[in-house]
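Structure, as structure tokens:
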Amino acid sequence: MELPWLSAPAADVPATARTLLGYTLAAEGVRIRITEVEAYAGTGEDPASHAHRGPTPRSAVMFGPAGHAYTYFIFGVHWCLNIVCGREGEAAAVLVRAGAVVEGVELARARRGGVRDRDLARGPANLVVALGIGPSANGTSLIDGSGPIVLAPPPSPVDPASIEAGPRVGVAAAHDVPWRFWIGGDPTVSAYRRHVPRRRT
DNA sequence: GCGACGATTTCG
DNA sequence: GAAATCGTCGCT
1 MELPWLSAPA ADVPATARTL LGYTLAAEGV RIRITEVEAY AGTGEDPASH AHRGPTPRSA
61 VMFGPAGHAY TYFIFGVHWC LNIVCGREGE AAAVLVRAGA VVEGVELARA RRGGVRDRDL
121 ARGPANLVVA LGIGPSANGT SLIDGSGPIV LAPPPSPVDP ASIEAGPRVG VAAAHDVPWR
181 FWIGGDPTVS AYRRHVPRRR T
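Using the UniProt record's numbering, the first residue of the first sequence is number 1, and each one after it goes up by one.
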């Protein structure tokens, strides 16, 4: 699978994020159709990006070739999945926030335990659980079949007019850029929560 | 080396 | 509204 537009310049990552809506991610017996994403740009361009202050051991994958997975650990509890975008040396990425399970529903139910089907892959950490992936996926290719996750084009095209945009969820910085994109009206899209500062101890 | 804090989820 | 819970990153 060749997806050259994934390597579009980092400045175009919002457009890349929109394009990824409707694509499917398959891993460990479950396939989900992406219904919600967020765009993150690179060094110096996006205060909310992990790569904003330059390369670090964690964010190194973001600076690599497009089409690879960037997984990170958050709050000592959860894993989230990004699709690396942009040209090599740039650090753009698209956070996969929600999806609809289209294959392997039984497996996804077993992994998520007793939630409604629409919630199986609702929210970035829940989506990762439904797909049964984890830290070992970091840095693997999503497009050449060499890794545990495979990205594939939409089974049915997404109507561009149905795509909606808004501020990214839970980010303290850049609250004003509408870099979250979702398929309008889709029940699997996660609820918007504004960033809440933690109480200092 | 130390400490504040996070692209979250879930419960009360 | 707040806790859980720990790796990462910047610097008191």
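Glycine is no exception: its CB is placed at the ideal position from the N, C-alpha and C atoms.
Practice problem: Pull up the distance between the alpha-carbon of tyrosine 72 and that of tryptophan 179, whole angstroms please. | Solution: Their backbone Cα atoms lie some 20 Å apart in a straight line.
Practice problem: Find out if the Cβ-Cβ distance for the pair alanine 17, glutamate 38 is shorter than 8 Å. | Solution: Yes, these two residues count as a Cβ contact at 8 Å.
Practice problem: Consult DSSP for phenylalanine 75 and reduce its assignment to one of helix, strand or coil. | Solution: Correct three-state label for phenylalanine 75: coil.
Quiz item: Exposed or buried, alanine 137, counting other C-beta atoms within 10 Å across all chains shown (16 or more means buried)?
Solution: By the neighbour-count rule (16 or more Cβ atoms within 10 Å), alanine 137 is buried.
Exercise. Within its chain, find whatever has a CB closer than 8 Å to the CB of leucine 142; leave out the 5 residues flanking it on each side and keep chain order.
Key: Only Leu25, Gly67, His68, Ala69, Ile83, Ile149, Val150, Leu151 meet the Cβ criterion.
Quiz item: So, helix, strand or coil for asparagine 138, using DSSP?
Solution: Correct three-state label for asparagine 138: coil.
Quiz item: If we count the other Cβ atoms within 10 Å of its Cβ and call it buried at 16 or more, is proline 124 buried or exposed?
Solution: Buried.
Practice problem: Apply the 10 Å Cβ neighbour rule to aspartate 46 and answer buried if 16 or more other Cβ atoms are within range, or exposed otherwise. | Solution: Under the 10 Å beta carbon count, aspartate 46 is surrounded by 16 or more other beta carbons and is classified as buried.
Quiz item: Can alanine 98 and leucine 127 be called in contact, C-beta distance under 8 Å?
Solution: Taking 8 Å as the cut-off, the beta carbon of alanine 98 is found closer than this to the beta carbon of leucine 127.
Quiz item: Whole-angstrom Cβ separation of valine 94 and cysteine 85, contact assumed at under 8 Å?
Solution: About 6 Å; that satisfies the 8 Å criterion.
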